Structures are given as C-alpha cells and as structure tokens.
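In what follows, a single structure is set out as structure tokens and then discussed.
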Amino acid sequence: MLTKEQFNQWAENSGLPEKAIKEIQLIRNSPPARRVGGGKNNVPGDLKSAKMGFSIQFESNDVELPTVYMMEIDENILEYYDQPPSLKVNYVNDIGRNIGYMYTPDYFVISKSGAYWIEVKTEGDLIKLSQKKNSKYFKDKDKRWRYSPGEEYAKRLGLDFKVISTEVFSWTFIRNMMFLEDYIVDKETIVSEAHRLAIQEKLMGNPGISLYEMIHDSEGKYTADDIYYLVANQSIYVNLNKYLLAEPIDTKIFINRSQNKAFNNLLESTKEIKVPAKIELSIGNKVVWGEGQIWTILNKDASSIYLLSEQKVDIKVPLDIFENYVNDGDITALENEKAITFKEVDEFFRRANDDDLGVANMKYDIVRSVLEGQDYDKKGYSDRTIRDWVKKFNDAQELYGNGFVGLLPKHKDKGNKQNRLPDRTHQLMDELISKSYENIKLKTALEVHRELIVICEDEGVPAPTYQSFCENINNRSKYEQEKKRKGDRAAYKYQEFYWAMEPTVPKHGDRPFEICHIDHTQLDVELVSSSTGKNLGRPWLTLLIDAFTRKILAHYITFDAPSYRSNMMVIRECVKRYNRLPYFLVVDGGKDFHSIYFDTLLAKYSVHKKTRPAAKARFGSVIERIFGIGNKMFIHNLQGNTQIMKNVRQVTKTVNPKNHAVWNLAELNERLTLWIDEVYHKIEHSSLFQSPNELFNSSLLMTGNRPLTYIPYDESFIIMTLPSPKRKMVKVDPGRGIKVNYFHYWNEKFRSPRIESTTVEVRYDPFNLGIVYAYIDNRWEKCFSSYQGLLWNKTEKQLQYITTEIRKQKRDQSRNGSITAKMIATFILRTEEIEDELTEKQKEIKKVEMNLQIVKKNGGVEEKSNIVETLMIEDDKFEFFGEF
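Just so it is clear: in the sequence shown, position 176 is 176 by full-length UniProt numbering, and no numbers are missing.
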C-alpha cells in the first residue's frame, strides 16, 4: 500500500485532474460500501492482502477471488479496494428519459499507468445481460466487454471503467500462484548455495525432468521447499500457464526459459514418420483430393489409378504419384457410409437391455445354423418365423454391415406413441398444475385433478385420467416443484449438483492446509459430572477438518453452546499440534464466525475466510460427512447415546438416556481422541482410496513444509487466542485484584494507585483457571488466581475439564446463588478423593491379575478355584456398563 508521500508522487506523475484525485482520495479513505453476502450458490469471503495490509472482500469463490489474486501479484497494480463508494450512473430508457441509479463496482484499482473501476462477471452472465432490452453491457469490435454507464461516469473524471470476464482467467496460472504464495511473500528465506547447485546440476543433466522425479530423487541434497522457492523467485523455470504444480508427475522443470524453449524446439523438429492413410483402392471407393474435392475410383491397374470427380471429370494418375500424394496428406480417405453406419449400429446396442441381447443371441444361433446349412433346434418356433429372422439378418447385413442388429427385438417401438389427448387438454393441464398445484397451498394432486375435470367439461375437451395427470406432474422438474410448494430449503435436496466444466480451483484444494472447514455439532450422548455423577446434558463438538486429506486437524469438546470461544480453542489446538493454520478457512454464516476477535485472529496469521451459503449443506459436505461418521462409528455405540430420543413419544423412564449416562467429559474426550487418531485417520477413505494419514504425509512431502507458515505455540500466540469474558472490562478492586469467572486474580501492578479502581480489559484461558491476562500499561500482564497453589499442579487437560464442568453446573444452578472460588476448590478436592478411590480399585484389580498369573504357572486346580471365587467377590465391588 502506498504511503502518503508515495501517493502524492503518483498523483503528480499521473496527470489526472484535481477532481479525479479527490475522488481517488475519497475511495482510499472510505470503508467498503457494503458487506458482501454472496448469492444463493456463491461462497464469499475475505482474503488477507499482503499488498494492502488488510482484508479484501470477494463475493464469489470463482469470480471475484481469482481477480483479487491477479491484482495481488500484478506488480503494475499499486493498490486496489473492494466495494468502493457507490457511483450515481445514468442511462436513457426507451422513451428518451434519463434514468439515474446508484451502482457499486466490485473494485477500484490504482496502477502505475492510471486508475479505474472494475466489474467482474462470468461470461455466461455477461451474455445474458447483453441480451436484455436496453442492455448496458455490450461487446465491442475488439471483443471486449463494456459497461456504458460506468464508462461515462469514469470519463467525466478522466478515469476508466473495465469489465472483466472469467473467460480471460488462466485457472492453471491462478492455482499455481495460490500454491506458490507462501514462497513468493517470503523475502527472507534464502536457499543454501549447496542446495541451489545440487538442483541446477540435476536440471542441467535432465532438462524437462518431472517435478515428481525431482523431489523423489533428491537424495537428501535439497528439499521440495528449495525447489518451490527457486520457482517462485524465477531462479529455475516452470511454465506456470501450462503445468500445475499440484500435479507433479506431469509438471516439467527447466534450469531457465531458454532451456525450455530449446527442449520444445527439439521435440517439434523431431517429426514422426508419417503413416500413409489407409485407403482401399477398390472400384467405387471415394477419396478427397484438393480443397474438399471428392473423387471416385473408376479403375486400377499395375501402374495407374483412374479417378472421376463430382463434375464428371476423369483423370489418370500414375500409382507412384498417387502414393506420394497420400503420404503427404494431399489425398485422404473419405468417411464412407460404413463409418456412418457404425454410429447407427452403436446406437442400436445402446438401446438394447440384457433381455433384448439374450433374445437376439438365441435368434442368432438359429440363423447362423440355417446359413451354414447345419442342423438346429427350432426351440418351438415355426419355419416361417425362422425365415423372417434370416431375412432381417440379411437386410441388416446389407444396410448396416452388421446382421446381428436386425435380430434385436423392437418391442419398444410398438404401439401408438402420439398423444391421444388434444393439445388444448395438455395446455389446460400444464396451466392448472402451475397455477393450482405448484404453490404454497399444498393442494393434493387429486384435488387439482378434480378442478381440471370441471374446466375441461366447461371447454368441451376430454379430461385426462388421474393416472395421466399424475404422470404429467411427475415429469416436471422436482426441484422447481418443491421450491414453489415448500420453499428453497425443502427443494435443496432435489437441486442438481453443480459440475464444474471449466478447470477452476478444486473445491478441496491442491494440498494439505490449503482449505479447511470448521463447524460445530451437538453430540448424541448424555454426560455426567465426574465428581457427583449428576447428568450435565449433551456436549458440543467443534472440528477443524482439512478438506484435501479429510484429516481432523483439531477438535474441542465443551458444554458451552457454539461461540467464538470454541473457534479460538480449536485453532489453538491446531497450532499446538502442527504449528500451522489453514490458508483458507471455510465457515458458515453463524455469528460466532463473524466476531471481531475471530476475524482479528485470522487476519493476524494471514488466514483467508470463506463463508458457506446459508441452507446449502452440500457446500459443507466434507465436515457434515465426518460428523455423520463420528456418530455412526463412535458416539452411537456409547451408553447414554440419544438415538432413541428421535422418537420421543416412545421414550420411557427405563430407557431414557439421561438415566443411563455414565461418560464424563474427560473420559469422552480421551476416547474420542483415541478414535480419531487410531481409527478414523488410519482407515481407507472411500473418496481418497487411502487413509487420511497416508495422503496427509505423502502430500506434505510433495508440496513442501512451507517454513514461512510456521507459528510458534508460545505465550504471544496463546494470548491472541484467549477469549474475553462476557464483560471484557473489569474493575480493579483495591487489595483484591480483578474478579473473572468467580475467581479473584492478582498482579503486582494492581498495587499502583494509578491502576486501583480503574477498569482493565481482560482475557481468560478456558484451559486453565489459574491465570488470566489483564491489559495494563499497553501490554498483557499475567494475573494469578487466589487458589493458584491448588490449581498449579493440575495439567492443562485436567484444568480444562474441571473448568468446563464447573461452568455447566453453574448454569444449571444459577437460581440457587453464585458460584464461588471455594466451591471450585471443593470440587477439585473431591475429584482428587475420587481419583484416590479409583487408584485403590486399580490396585485391587492388578492384585487379582497377578494371582491369575500364578494360577496359570502352577496349574493347580484347587488354587485356581479359590482365585476365581476371589475374583467373583472382587467384581461385586464394581458396576459394569459393557465394553466400548
């Protein structure tokens, strides 16, 4: 982004009038005119711009986002702004009246050569808009799209207005730029001289080597990151408009552009030996000679061929000259009637089902025997029928060059295929279905059919039967029908999947951590308190999923309803595990995903956010599918699962999951973590044909570790992910400090008279009750709990579960008074007592197991029976709930 001095220098050099400079200054100092929301099928979002230093909005994943990328990497573009202030544009309507309206372009660009507004649309949308009456969009003689009202507004200021069609996008180049961005923006990392020389030596000896071979044959002399750094800095050459770096087997690398050009020239100059076109020199065959001239072969002898043109001109051509013409491609074979009939024969077979082929095979066996003069079994058919089969076989052989198709049954062609009802009846039927059936009244088909009978009687035309009427309804678009009757959401399941016919950016990305999804779900299981055994209800699970590998990067389980706190915690867990965050984070439209704290965290670490369209489940199908797998394979196998609650009227006290709940939050999370790491990540995924772990590890090897994206899991990062309590400003109580979530916290700076009785901003750690952070004197200071001694020895997970359960119990008991720090301390002490009891029980179990081992060694029957008796007695002390 330009500094004030740089902009003034640009303005002075641009030669633009003062009114244009004022307009540009207004755009530079104004926030976006609107917040983009995307259409029903669009995925809007924000991209953290390194060039601008803030997030840039895009309204569509396949239209505006690629434009932002191109502006981001174009060195000629100095600045660009999304959703600039609206323009008041004008146009003249049919009756010559001047109409004015407010119009918001997509972007405003400041480049080295000028400044202009941009409107981006798909080629299809531009064509539709241009076909409207009095369209303001049109294509000029240079085949460029233009928008006349925008151009007129810009022209008055000495600026420009451009319309960009997605037709001009090079999706291969865009995907490569996305792939290389981590290396392009990293200006500090330098590839070591030894690694650089090893790569150059490899390329000198193997021009055009594939990226896959280059990485796999490195022998430890260089890394994939080294290669991508050199490609990004143009130290080695890859044609980024031709090859996809995400497809390493097909991508060819060269030491420079000259080597690539020489390699291509060598391939082009090495022409393949031409194979003469296959021309049958039979009398009557046709060939093409000259500019579409068709010649018929009249005769052929040992030295010459005689040809006749369509204009009845005959010519004698020496055989050797004829062959030279054929070899040079001057004479070619004409696609004769046989080539055409092959297509017809293929169509016959496409229309035949298994039963049809079975009948034709039976007929063919008999016909072949007749033609070959062999004995055959008539299979009950008359001689006349068999003669008819032979005739059909011979006719098809003559007509199509294939007699078998003449034996295929043609039952499908029997009967009267024409409509038996008059056109007026069909017209009335269609009108009534549209008007009376396809609306929000939800009339039944029978009711509407009765209306149709009355209307047909009034007009004197025959009415269709109820069956025909229903067939007509069923032949109409189910999606449009449901949309008109029940609305968009009900119709969504009938909407066709959008199949991308152009090579746009893959919806799951090209590599790990490129596109990740985050979402919440309430688990179908009831949990209890680990100390009291009291039912605490169903927990919420937040998942962060890598779309490319389907790997679960992080999860967070809590009793709190979805909020930005859960988002912060799952991001924190991801960095703790992998020291990385995704490039794109796909979220839904929930408020928790659009809070200031969440957006600030993403912008801080250059994570670009995309928003799924509302009520469009397919856009989040990756994470929704994993929620379903988790329920089916894990949660629904636990005691206390709530599947039965789907039929709540059938639920009695004896089967109510609340009365059978045995799992607490800590145990469930431990088991869930084990299921994710040891089961889900290691089983083959049906769409990947390998496990998420296998694809994750192999992809990281090929796409690089990307050192620039490394995020240290330190106090600075932790503070960035800490949420604020409901009241983020807390008063400093002299001598006691600040009170956050029922605890008092203290920092030595609170002793200062300047700080006492003032309010400070605070953040707390959901994983640790022992500390909070207060913003004092322009920095975050750590404050310790009054029960720090008791809490200090607790692990992060223990503190997390204790905190979560306490918070849940507080909500359930809020009418009985406030929770205190003493209550929390009591909870912890009671938990430790339970832990001691469980430890003693474990010791008793181990003692029994040791005795069993002794029995096995001694083999004594009497001793064995005593031990079994002891074991049965010991088992009575425990309550068993079955296996997981």
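The beta carbon of each residue, even a glycine, is placed where N, CA and C say it ideally should be. The model shown is predicted, which means the values in this text are computed figures rather than measured ones.
- Output the boundary residues of the beta strand (DSSP E) element that contains His594. Unbroken run through His594: none, as it is neither H nor E.
- Message: If I measure Cβ to Cβ from His508 and keep anything under 8 Å in the same chain, skipping five residues before and after, which residues do I get?
- Response: Ile515, Ala547, Phe548, Val622
- Residues bridged to Asp546 (per DSSP): Cys516
- Task: Name the two residues that bound the continuous alpha helix (DSSP H) containing Gln467.
- Result: 466-474
- Query: Is DSSP giving Met52 helix, strand or coil here?
  - Reply: coil
- Give the range of the beta strand (DSSP E) segment to which Ser309 is assigned. 304-309
- Query: Looking at the structure shown, is Asp765 part of a helix, part of a strand, or coil, going by DSSP?
  - Reply: strand
- Any chance you could list the beta strand (DSSP E) runs of at least 3 consecutive residues sitting entirely within the region 127-184, in chain order? 137-139, 145-147, 160-165
- Query: Within 10 angstroms of its Cβ, does Val448 collect 16 or more other Cβ (buried), or is it exposed?
  - Reply: buried
- Below 6 Å CB to CB, which residues in the same chain sit around Gly15 once its five sequence neighbours on both sides are set aside? none
- State the CB to CB distance for the pair Tyr713 and Asn579, rounded to an integer number of angstroms; the pair is presumed to be in contact (CB under 8 Å). 6 Å
- Determine, using beta carbons only, whether His681 and Lys551 come nearer to each other than 9 Å. yes
- Query: In this structure, what does DSSP give as the bridge partners for Gly380?
  - Reply: Paired residues: none, contrary to the question.
- Message: Relative to the C-alpha of Asn778, which candidate in Val762, Phe784, Ile771 has its C-alpha closest?
- Response: Val762
- Query: Just to confirm, are Asn260 and Tyr183 a CB contact at a threshold of 9 Å?
  - Reply: no
- Message: Going by beta-carbon coordinates alone, are Tyr212 and Thr251 separated by less than 9 Å?
- Response: yes
- Since Leu585 sits in a beta bridge, which residues does DSSP pair it with? Cys516, Lys609
- Task: Please name the residue or residues paired with Asp314 in a DSSP beta bridge.
- Result: Leu308
- Message: With H, G and I counted as helix, E and B as strand and the rest as coil, what does DSSP make of Gly403?
- Response: helix
- Task: List the DSSP bridge partners of Asp82.
- Result: Tyr107
- Count the other CB atoms, across all protein chains shown, that sit within 10 Å of the CB of Lys155; report buried if there are 16 or more and exposed otherwise. exposed
- Helix, strand or coil at Leu203 [DSSP, three-state]: helix
- Query: Between the Cα of Pro734 and the Cα atoms of Ser724, Tyr742, Thr721, Arg754, which residue gives the shortest distance?
  - Reply: Arg754
- Query: Does the beta-carbon of Gly96 have 16 or more other beta-carbons within 10 angstroms, so that it is buried, or is it exposed?
  - Reply: exposed
- Let me know if Ala617 comes out buried or exposed under the rule of 16 or more other beta-carbons within 10 Å of its beta-carbon. Any reading at Ala617 needs caution, since the residue's pLDDT is 45, under 50, leaving its predicted position unreliable; the model's value is listed next. By the 10 Å Cβ count, Ala617 comes out exposed.
- Item | Continuous beta strand (DSSP E) stretch holding Met729: start and end | 729-731
- Is His517 buried or exposed, if buried means 16 or more other CB atoms sit within 10 Å of its CB? buried
- Query: With a CB to CB cut of under 6 Å and the five nearest residues on each side skipped, what residues in its chain are close to Met501?
  - Reply: Residue confidence is low: Met501 scores 37 on pLDDT, short of 50, so the model does not pin down where it sits. Its coordinate-derived value is still stated next. Closer than 6 Å at the Cβ level, and outside the excluded window around Met501, lies no residue.
- Quick one: complete beta strand (DSSP E) runs, 3+ long, within the region 735-780? 738-740, 743-746, 759-765, 768-776
- Specify the secondary structure class of Met1 as computed by DSSP and reduced to three states. coil
- Task: With distances taken Cα to Cα, identify the nearest neighbour of Met729 among Ile738, Phe743, Val760, Asn439.
- Result: Val760
- Query: What is the C-beta distance between Pro582 and Asp225, in whole angstroms, given that I count them as a contact (C-beta under 8 Å)?
  - Reply: With 8 Å as the limit, Pro582 and Asp225 do not qualify as a contact, their Cβ atoms being about 18 Å apart.
- Item | Other residues of its chain near Glu123: CB distance less than 7 Å, five sequence neighbours each side excluded | Ser165, Thr166, Glu167
- Task: Inspect the beta-carbon positions of Leu665 and Thr558 and report whether they are closer than 9 Å.
- Result: yes
- Message: Applying the 10 Å Cβ sphere with the 16-neighbour rule, what's the burial state of Met214?
- Response: buried
- Would you please state the rounded distance, in angstroms, between the beta carbons of Leu159 and Ala20? I believe it to be under 8 Å. 6 Å
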